């Protein structure tokens with residue numbers, strides 16, 4: 012079983028996507044998701060949006076628009092896990108677990124908080140005037156987003172590197188306090204894409220909603236043409252040579268053109284192509300590049316129920332990872348079942364001969380399997396078929412190693428997964444309460460007894 016690199020990316024749902032969002036984040040993320048060695052998680056960061064925006068209708072509309080943008084841009088939801096942050100209740104619970112170990116001094120150093128304090132001091136206000144706990148605790152919520160799914164790589168802009176580093180610090184402290192030799196959390200790394208475009212807006216500054224200089228990504232052809240016509244250029248007349256390297260119109264063209272198209276456009280500008288015609292060339296390029304995606308986008312916007320279904324499927328995939336992992340973390344900090352607690356006390360008193368045991372056997376077709384039997388002989392697990400006994404033995408050793416179990420509920424039964432593959436299943440139980448007791452018993456049976 013090979014380990015794939017897990018990549019996680021989120022976009023805050025506070026506005027309408029524009030060309031800069033697409034070229035700088037959405038397009039490269041969609042391309043990266045097609046890597047067969049990547050396990051990609053993409054989410055709508057709508058909890059984060061509440062920190063920045065108190066307009067419910069704007070957040071609601073932005074969630075719809077950004078979800079449609081990802082799908083219209085070509086995101087394959089069968090290859091990735093695509094979900095809304097607010098559909099994963101384990102994330103706010105993990106945020107609280109991490110808040111309880113995050114150092115206040117660490118959060119005091121967060122750039123966004125410090126910038127707000129500095130601005131207040133400069134204007135003679137109380138240092139914390141207008142600063143919410145949402146803003147102050149933003150890095151902990153982002154740490155929970157990352158650590159919940161043990162992401163290896165987190166593509167971010169340079170202004171977000173600190174938040175990934177803080178996630179590492181908080182995760183390391185949790186591991187140290189509660190791991191007892193286990194590493195619950197993978198240490199994430201910020202992934203900086205130097206080649207990703209930062210597009211200029213209509214006025215030449217960075218394209219941003221804050222500057223009101225954006226070109227909406229999937230506006231109508233007429234609206235896009237009107238926006239492009241407002242791009243600021245110099246006063247050189249048709250026939251006069253233009254300077255492509257200092258033209259943000261050329262930068263926009265280059266972000267969507269092939270190298271051959273860019274070379275041709277550069278040559279025409281140097282030969283005196285008029286700005287009006289140059290803007291028309293940019294419109295034609297963008298309309299050709301984005302036309303099909305624009306059509307898909309508007310079809311999706313008109314079918315919100317379909318988008319909701321897709322996101323609910325994504326949430327189910329995400330929670331299949333998050334729910335068992337959070338159960339492990341709850342146990343680690345002491346939020347344990349009373350039933351399990353009683354059974355742990357009883358188990359530690361049993362002799363080794365009465366402990367749970369694995370029983371291996373060979374099927375008639377030549378494949379190998381194993382059972383895990385409780386001390387009383389009850390079958391807790393039956394493995395899937397393995398091609399050889401060595402592989403079956405390796406799996407049983409991994410289960411006995413004391414690492415957190417990936418247990419996934421399936422109605423009245425459950426399954427056990429290792430490294431993204433199902434290795435064993437439980438029998439069906441009479442009800443969910445019996446199933447949950449069996450899961451507790453399984454965890455206890457596979458917990459190494461401390462001498």
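In this note's numbering, the protein residues as written are 12 to 462.
A virtual CB, placed ideally from N, CA and C, is assigned to each residue, including glycine.
Small disclaimer: the values here were computed from a predicted structure and weren't measured.
The secondary-structure analysis by DSSP pairs residue 29 across a beta bridge with 227.
Closest in alpha carbon position to residue 101, among 35, 336, 254 and 410, is 336. Residue 121 is not a Cβ neighbour of residue 103, given a cutoff of 8 angstroms.
Residue 346 holds the alpha-carbon nearest to the alpha-carbon of residue 451 among 113, 346 and 255. Looking at the DSSP output, residue 49 shares a beta bridge with 16. The residues 210 and 218, in chain order, have a CB closer than 6 angstroms to that of residue 31 in the same chain once the five nearest residues on each side in sequence are set aside. Per DSSP, reduced to three states, the secondary structure at residue 202 is strand. Taking C-beta atoms as the reference points, residue 227 and residue 59 fail to come closer than 8 angstroms.
Per DSSP, the continuous alpha helix (DSSP H) segment holding residue 74 begins and ends at 67-83.
In this structure, residue 73 and residue 25 form a Cβ contact; the two beta carbons are roughly 6 angstroms apart against a cut-off of 8 angstroms. By the CB criterion at 8 angstroms, residue 293 and residue 322 fall outside the cutoff.
Here residue 57 is buried, its C-beta having at least 16 other C-beta atoms within 10 Å. Membership of residue 117 in the alpha helix (DSSP H) is indicated by the continuous run 115-119.
At the C-beta level, residue 249 and residue 280 stay beyond 8 angstroms of one another. Residue burial annotation: residue 265 is buried, with at least 16 other C-beta atoms found within 10 angstroms of its C-beta.
Shown here, residue 179 sits in a helix according to DSSP, grouped into three states.
DSSP places residue 241 in no alpha helix (DSSP H); its state is neither H nor E. At a Cβ-Cβ threshold of 8 angstroms, residue 287 and residue 251 do not count as neighbours.
Taking 8 angstroms as the cut-off, the beta carbon of residue 435 is found closer than this to the beta carbon of residue 395. With fewer than 16 other Cβ atoms inside 10 Å of its own Cβ, residue 372 counts as exposed. Here DSSP, grouped into helix, strand and coil, assigns residue 130 to helix. Taken in chain order, the whole alpha helix (DSSP H) runs of length 4 or more contained in the segment 276-336 are 286-312. Counting C-beta atoms within 10 angstroms of its own C-beta, residue 135 has fewer than 16 neighbours from the protein chains shown and is therefore classed as exposed. In the three-state reduction of the DSSP assignment, residue 263 falls in the helix class. As the crow flies, the alpha-carbon of residue 177 is around 30 angstroms from that of residue 69.
Boundaries of the alpha helix (DSSP H) harbouring residue 146: 144-159, taken from the DSSP string. For residue 142, the CB contacts under 6 angstroms within the same chain, skipping 5 residues up- and downstream, are 127 in chain order. DSSP, read as helix, strand or coil, puts residue 247 in coil.
In the three-state reduction of the DSSP assignment, residue 390 falls in the strand class. Close CB contacts of residue 64 within its chain, under the 7 angstroms cut and outside five residues either way in sequence, are with 25 and 70 (chain order).
The shortest C-alpha to C-alpha distance from residue 23 to any of 380, 152, 433 and 111 is the one to 152.
For residue 436, there is no enclosing alpha helix (DSSP H); the residue is found in the beta strand (DSSP E) stretching over 432-436.
Of the other Cβ atoms in all chains shown, 16 or more fall within 10 Å of the Cβ of residue 261; this residue is therefore buried. Here residue 437 is buried: its Cβ has 16 or more other Cβ atoms, across all protein chains shown, within 10 Å.
In the displayed model, residue 99 falls within coil according to three-state DSSP, outside both helix and strand.
Within its own chain, the residues whose Cβ lies closer than 6 angstroms to the Cβ of residue 241, once the five positions on either side in sequence are excluded, are 213, listed in chain order.
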